[in-house]
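Comments concern the structure below.
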Amino acid sequence: MVIARTMIILGMTGLAVGCGTATAKRKPLMQKAVVAADWKIAVTPRDMDRIRSWRTAFVKALDQARASGNGPRMAREAALLDPDASIGGLAPAAGIYRCRTIRIGGDSGPAYVVFPRTGCAVTDEGEVSGFANSGGMQRTAGLIFKNDDKRAIFLGTMMVGDERRAIDYGQDALRDMAGAVEQIEPNRWRLILPYPSFGSVMEIVEIVPVAAG
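Residue numbers for the sequence shown, in my numbering: 128 to 340.
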């Protein structure tokens, strides 16, 4: 798999992910958050609001997509598109995964878009985990923080085009991505990203082990 052979640079943390390596260079605020394993230290006010309103965004996005005639397609996704599907448990362990992104809702463009599966990876960064999606023109990269027994918190940024390095979290509100990671089945997780800056009301990234993808 491409992601297993390619070094993915997470500029927002200074981590080099893939091939099991990492550097210790991080922006001071993110470094403090990582050391304390506390996402609240680094999160921006805008992203705090997005995280707090995740369920409102999820329901709004589903309603808009169904109103556009996508109900039968959405029903096939079962737990993935159920706002209350979290079964608790741990965030995905370090390893290579397959990811599939679904964008739901929005006032312009299609209300329901499913993208092909791509490679993605979770890395062990001590008290937090790194996450990076390696495929597509828009890719999410960042950190997963422990939160409670229902969901972990994700803070990251969007990489576009042929960029190899993500910008620093908190430097560009249009690129910042914030949400939660939930386990919805024994070998199935999702990253939910409410109110992304472009294209939808809710973005959902399905995360499954390679063997299950």
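Where is the CB? At the ideal position from N, CA and C, for every residue including glycine.
Counting C-beta neighbours from all protein chains within 10 Å, is the total for residue i 16 or more, i.e. buried, or is it exposed?
i: Phe272; result: buried
i: Asp275; result: exposed
i: Asp211; result: exposed
i: Phe281; result: buried
i: Ala131; result: Note that Ala131 scores a pLDDT of 32, beneath 50, so its modelled location is shaky; the value from the coordinates is reported in the next line. With fewer than 16 other Cβ atoms within 10 Å, it is exposed.
i: Leu104; result: With the chain running from 128 to 340 in the structure shown, residue 104 is simply not present.
i: Ala192; result: buried
i: Leu318; result: buried
i: Asp251; result: exposed
i: Ala221; result: exposed
i: Pro313; result: exposed
i: Ser213; result: buried
i: Asp209; result: exposed
i: Val255; result: buried
Roughly how many whole angstroms lie between the Cα atoms of residue i and residue j?
i: Ala164; j: Gly253; result: 9 Å
i: Gly233; j: Lys187; result: 9 Å
i: Ser180; j: Ala259; result: 24 Å
i: Lys154; j: Asn197; result: 42 Å
i: Thr228; j: Glu330; result: 7 Å
i: Ala205; j: Val328; result: 19 Å
i: Val170; j: Gly297; result: 8 Å
i: Ala184; j: Ala202; result: 18 Å
i: Asp299; j: Pro199; result: 37 Å
i: Pro243; j: Pro336; result: 16 Å
i: Gly283; j: Ala194; result: 31 Å
i: Ile223; j: Gly246; result: 7 Å
i: Ala160; j: Leu270; result: 10 Å
i: Gly236; j: Leu301; result: 19 Å
i: Gly262; j: Val241; result: 14 Å
From the DSSP output, which residues share a beta bridge with residue i?
i: Glu312; result: Arg315
i: Asp303; result: Thr284
i: Leu320; result: Glu330
i: Val335; result: Arg225
i: Ile294; result: Per DSSP, none; premise fails for Ile294.
i: Phe272; result: Ile280
For residue i, decide whether its Cβ has a neighbour in chain C, counting only Cβ atoms nearer than 8 Å.
i: Arg315; result: Chain labels in this structure do not include chain C; a single protein chain is all it has.
| Continuous beta strand (DSSP E) assignments of at least 3 residues falling wholly in the stretch 212-269 | 222-231, 239-241, 245-251, 256-260
| said: Count Cβ pairs between the stretch 216-231 and the stretch 166-180 that sit closer than 8 Å; are there 3 or more? | reply: no
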